[in-house]
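Engineer: Supplied in structure tokens, the structure appears directly below.
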Amino acid sequence: MQIPEGGQSLKGFPLSPAFVYLRSDFINKHMLTMERTLTILKPDCVRKQLIGAVIDKIERAGFRIVAMKKIRLTTQTAGEFYAVHRERPFYGELVAFMSSGPCVPMILEKDNAVSDFRTLIGATDPAQAADGTVRKLYADSKGENIIHGSDSAENASIEGAFFFSAEEVVSVD
Ligand code: CDP
Ligand code: MG
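Add 220 to the 1-based position in the sequence shown for my numbering, that's all there is to it.
Here it is in structure tokens:
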């Protein structure tokens, strides 16, 4: 009987290394771990002409952009987006900053996107952010810190719907 490469017998064919590799590759790409997160390149990022530099880091880290636009939030919409912080002392400043100029919200796709994106952008305060992170590289202060990243998959979904209609979200093949 002809023995398939990498297998013991025809009966063992489903466990041949090539089959196992192709199957796990397919599962990794399409099924189990794909996740989305919502980011905003904040008004300081746009003002400093860092849109390209930050998107370059995001794409090199393996994130796919599935939705993107440039808009200017009003104090009303910025206040709604950050409503969870409305009792915090920095809320007024945050709303004023986020509505001070255009910003670039994006929905990003990758396996483990929420957590991996928080790692990529670094701590809220750039002084505390790890070397090489977006905030460490480009942010001036805890308030004006270049970029937003969702803190959970559930919030990513809510925040994504805040900025984008279903037609504006297009997966990359
Ligand atoms: O953005 P991140 O999730 O890292 O931080 P947050 O605690 O959810 O706060 C949201 C945003 O509020 C931050 O990104 C800052 O722009 C701002 N903030 C601030 O101005 N002062 C603080 N003490 C904390 C947050
Ligand atoms: Mg947050």
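Just so it is clear, CB atoms sit at the ideal spot from N, CA and C, and this is done for glycine as well. Just so it is clear, the structure is predicted and the values come from calculations on it, not from any experiment.
Ligand 2 and residue 394: does any heavy atom of the ligand fall closer than 6 Å to the residue's C-beta?
Structural biologist: The question about residue 394 has no answer, for the chain in this structure spans 221 to 393.
Engineer: Buried or exposed, going by whether 16 or more other CB atoms sit within 10 Å of the CB of residue 260?
Structural biologist: Around the beta carbon of residue 260, 16 or more other beta carbons sit within 10 angstroms, so the residue counts as buried.
Engineer: Under the DSSP definition of a beta bridge, which residues are partnered with residue 369?
Structural biologist: 259
Engineer: Report the residue from 359, 311 and 337 whose alpha carbon sits nearest the alpha carbon of residue 265.
Structural biologist: 359
Engineer: Going by the DSSP bridge assignment, what does residue 327 pair with across the sheet?
Structural biologist: DSSP, once it has assigned bridges, lists 258 and 287 as partnering residue 327.
Engineer: Give me the Cα-Cα distance between residue 368 and residue 254, rounded to the nearest whole angstrom.
Structural biologist: 20 Å
Engineer: I'd like to confirm something about residue 301: is its beta-carbon nearer than 6 Å to some heavy atom of ligand 1, or not?
Structural biologist: no
Engineer: Between residue 325 and residue 286, what straight-line distance do the alpha-carbon atoms span, to the nearest angstrom?
Structural biologist: Each residue's CA atom was taken as its position, placing residue 325 and residue 286 some 11 Å apart.
Engineer: Just to confirm the assignment, what range does the alpha helix (DSSP H) spanning residue 296 have?
Structural biologist: 295–301
Engineer: Using CA coordinates, which residue listed in 330, 386 and 308 is at the minimum distance from residue 393?
Structural biologist: 330
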